[in-house]
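Worksheet for the structure shown next.
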């Protein structure tokens, strides 16, 4: 196995598969499929399971690898291996107690940090509340903040803020106006 940082997507997949074989986890690593995501903006990796075929695919995000570097990205690989282990052993996976125990055993992070800042944020309107989750995509709470959604900490209303422009809205119509006004700068 080489010690150089992978510089291509193919090299990253090869290095990840080689590295996975060295992780002390009861998992048939040779049975895993490996893929690269070019779309992900928040998650560094994911593990997909096809219950009909039993195929497990570890998907790694190229931009996350480029942001983190190999040393940190190995944690992402270990994290996804825990999901793969759960799929092989139990046919399901999540971030529950079983996941946490196995992650601790192999020194895998329980959560992988985001590698980009969100384009949008939800901002609680209560001046005493610091709730400000980021969003990368125009999810329902972004597009329809007036559809019964509320602050995840205190339950107050929130506004959506487009971080680059500073434009805010708290209704579906406000979202539509902002999206139109921002155009290609969305």
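Residue numbers (the UniProt record's numbering): 1 to 186. From the three backbone atoms N, C-alpha and C, an ideal C-beta is built for every residue, glycine too.
Task: Beta-carbon contacts of residue 171 that lie in its chain and below 6 Å, excluding the five residues immediately before and after - done: Exclusion of the five residues before and after residue 171 leaves 146 as the residues of its chain whose Cβ lies within less than 6 Å of its Cβ.
- [ ] Output yes or no for whether 7 Å exceeds the beta carbon distance between residue 84 and residue 59.
- [x] No, the Cβ-Cβ distance between residue 84 and residue 59 is not below 7 Å.
TODO: Starting from residue 23, follow its DSSP beta bridges and name the residues at the other end.
DONE: According to DSSP, which records beta bridges pairwise, residue 23 is partnered with nothing at all.
Task: Of the listed residues 45, 29, 125 and 150, nearest to residue 62 (C-alpha basis) - done: The option with the nearest alpha carbon to residue 62 is 45.
Open item on the list: I'd like to know if the stretch 63-81 and the stretch 4-24 are in contact, where contact means that at least 3 CB-CB pairs between them fall below 8 Å.
Closed with: Segments in contact, yes.
Task: Through-space distance from residue 17 to residue 10, alpha-carbon basis - done: For residue 10 and residue 17, the distance between alpha carbons rounds to 11 Å.
Task: Cβ distance (whole Å) where residue 115 is taken to contact residue 67 below 8 Å - done: Your pair residue 115 and residue 67 checks out as a contact, with CB atoms roughly 4 Å apart and the cut at 8 Å.
Open item on the list: For residue 88, count the other beta carbons within 10 Å of its own beta carbon; 16 or more makes it buried, fewer makes it exposed. Which is it?
Closed with: Buried, since its Cβ has 16 or more Cβ neighbours within 10 Å.
- [ ] Would you kindly check if the distance between the Cβ of residue 158 and the Cβ of residue 124 is under 7 Å?
- [x] Cβ distance < 7 Å, so residue 124 and residue 158 count as in contact.
TODO: Could you give the DSSP three-state label for residue 56: helix, strand or coil?
DONE: In the structure shown, residue 56 sits in a strand (DSSP, three-state: E or B).
Open item on the list: Rounded to whole angstroms, what is the Cα-Cα separation between residue 197 and residue 148?
Closed with: What is shown of the chain runs 1 to 186, which leaves residue 197 out entirely.
- [ ] Kindly indicate which residue of 51, 131, 182 and 92 has the alpha-carbon position closest to the one of residue 155.
- [x] Ranking the options by Cα distance to residue 155, first place goes to 131.
Open item on the list: So for residue 134, helix, strand or coil by DSSP?
Closed with: Strand, per DSSP.
Open item on the list: Measuring only the C-alpha atoms, how far is residue 109 from residue 55?
Closed with: Near 24 Å, if we compare the C-alpha coordinates of residue 55 and residue 109.
Open item on the list: I'd like the list of long-range same chain contacts for residue 40, defined as Cβ closer than 6 Å, with 5 residues on each side in sequence excluded.
Closed with: Closer than 6 Å at the Cβ level, and outside the excluded window around residue 40, lie 61.
Task: As assigned by DSSP and simplified to three states, the class of residue 186 - done: Coil.
Open item on the list: Tell me the rounded alpha-carbon separation between residue 28 and residue 6.
Closed with: If I take the Cα positions, the gap works out to 24 Å.
Task: Neighbour-count burial assignment, residue 95, 16 or more Cβ in a 10 Å radius - done: Result: exposed.
TODO: Label residue 103 either buried or exposed according to how many other C-beta atoms from any shown protein chain fall within 10 Å of its C-beta, with 16 as the threshold for buried.
DONE: Counting Cβ neighbours within 10 Å, residue 103 comes out buried, since at least 16 surround it.
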